[in-house]
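In this text, residue positions in the sequence shown follow the numbering used here: the first is 459, and each later residue adds one.
Structure first, then comments.
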Amino acid sequence: MEIYLKKLELEEPIEIFNLLQETVKEEWGLLDSMTTEEFPKYLEDKYNEDLGINLKNGRVPQTNYWLYVDEIPCGLIVLRRRISEPLVKRGGHIGYYIKKDYRKKGYGQKMLGLCLDLLREEGMDKVLITCDIDNKGSQKIIEGNRGILENIIDGSKRYWITIN
Numbered sequence: 459m460e461i462y463l464k465k466l467e468l469e470e471p472i473e474i475f476n477l478l479q480e481t482v483k484e485e486w487g488l489l490d491s492m493t494t495e496e497f498p499k500y501l502e503d504k505y506n507e508d509l510g511i512n513l514k515n516g517r518v519p520q521t522n523y524w525l526y527v528d529e530i531p532c533g534l535i536v537l538r539r540r541i542s543e544p545l546v547k548r549g550g551h552i553g554y555y556i557k558k559d560y561r562k563k564g565y566g567q568k569m570l571g572l573c574l575d576l577l578r579e580e581g582m583d584k585v586l587i588t589c590d591i592d593n594k595g596s597q598k599i600i601e602g603n604r605g606i607l608e609n610i611i612d613g614s615k616r617y618w619i620t621i622n
């Protein structure tokens, strides 16, 4: 079984569009619905967002990666190398999503681990990750990657992970 992260590119297959639409249906919160015609513009915006180009007010650069399992995109992870004050309270350095059919199989924990490996290689030493207080699956993923709960603010659990 091959499991890897692939950085967002300006051209992506329809399977990525379908993955993104699933996040909308589940109200993941980081994405609005779009049509297939709008998909290329979305990819361009996210590509530029990674480079810090045309950032909307209050946004920070973030990199999108797709989790592939045996050549099938089944997850999305968003990485912010720096965070704003609102992200310190809710959001943190990393946000992620696993397709429903791939949950409770260890892929979320593996995806976060691969992301932490990328950050380790870049020299980061600590990241903040938050999740809703009632999201037991996400808590398990974070704690499985050595996340230490700092506190709870407005219904959001705030975890720190030391990368070394």
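We treat Cβ as the ideally placed atom computed from N, Cα and C, and that holds for glycine.
Predicted, not measured: the structure shown is a model, and the values here were computed from it.
Could you give the distance in angstroms between the alpha-carbon of residue i and the alpha-carbon of residue j?
i       : j       : result
Lys-584 : Ile-606 : 11 Å
Val-482 : Trp-524 : 16 Å
Arg-623 : Asn-512 : Lying before the first or after the last residue shown, residue 623 is absent from the chain, which here runs from 459 to 622.
Arg-517 : Ser-542 : 8 Å
Tyr-617 : Glu-484 : 23 Å
Glu-507 : Asn-515 : 12 Å
Gly-553 : Asp-590 : 12 Å
Ile-472 : Arg-548 : 31 Å
Ser-491 : Leu-477 : 11 Å
Arg-604 : Asp-528 : 26 Å
Phe-475 : Ile-611 : 33 Å
Gln-479 : Phe-497 : 10 Å
Val-546 : Gly-613 : 14 Å
Pro-544 : Cys-532 : 28 Å
Val-536 : Cys-573 : 9 Å
Short check: CB of residue i to CB of residue j, under 7 Å?
i       : j       : result
Ile-461 : Lys-563 : no
Ile-621 : Arg-561 : no
Leu-534 : Leu-501 : no
Tyr-555 : Lys-464 : no
Thr-521 : Gly-550 : no
Ile-600 : Gly-566 : no
With burial defined as no fewer than 16 other Cβ atoms inside 10 Å of the residue's Cβ, what is the status of residue i: buried or exposed?
i       : result
Leu-509 : exposed
Lys-594 : exposed
Glu-495 : exposed
Glu-470 : buried
Per DSSP, which one or two residues make a beta bridge with residue i?
i       : result
Tyr-505 : Partner(s): none; Tyr-505 has no beta bridge.
Leu-607 : Tyr-617
Asp-590 : Ser-614
Lys-465 : Tyr-523
Exercise. Could you name each continuous alpha helix (DSSP H) segment of 4 residues or more that falls completely within the region 544–570, going from the start of the chain to the end?
Key: none
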